[in-house]
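Comments concern the structure below.
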Amino acid sequence: MVDYIVKIKDSVFRETPLAETNFDEDGRFVFDSKADAEEWVIEQNREHTSRGQLTLHTAHPADTSDVDAYVVFQPVKGVWVPDS
Numbered sequence: 000m001v002d003y004i005v006k007i008k009d010s011v012f013r014e015t016p017l018a019e020t021n022f023d024e025d026g027r028f029v030f031d032s033k034a035d036a037e038e039w040v041i042e043q044n045r046e047h048t049s050r051g052q053l054t055l056h057t058a059h060p061a062d063t064s065d066v067d068a069y070v071v072f073q074p075v076k077g078v079w080v081p082d083s
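Numbering (the working numbering), first residue to last: 0 to 83.
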């Protein structure tokens, strides 16, 4: 079985009810597949759509981490504030 590793970006914790304590210490979440990660994002979006949406972004090919994708928060007004 191949795991699909997703890192939850800081914007998610600042802008949604999700808490860092729900994930491992470096904000990662391991899924069985990309489809499972996408389904999790859809489920989370049902809880806070008035604020914006979580989106799943595939890691850049030059990304040297073992992360397959990142979950970021996109505010409702479309103003994106990058994580530091």
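Even for Gly, the Cβ is constructed at its ideal location relative to N, Cα and C.
Contact between the segment 29–38 and the segment 6–19 is absent: fewer than 3 CB-CB pairs across the two stretches fall below 8 Å. If only complete runs of 3 or more residues are kept, the segment 9–72 shows the beta strand (DSSP E) at 27–30 and 51–57, in order along the chain. Distances from the alpha-carbon of R13 to those of R27, R50 and Y3 put R50 closest. Nearest neighbour of E46 by Cα position, chosen from R27, P16 and D2, turns out to be P16. DSSP, read as helix, strand or coil, puts V5 in strand.
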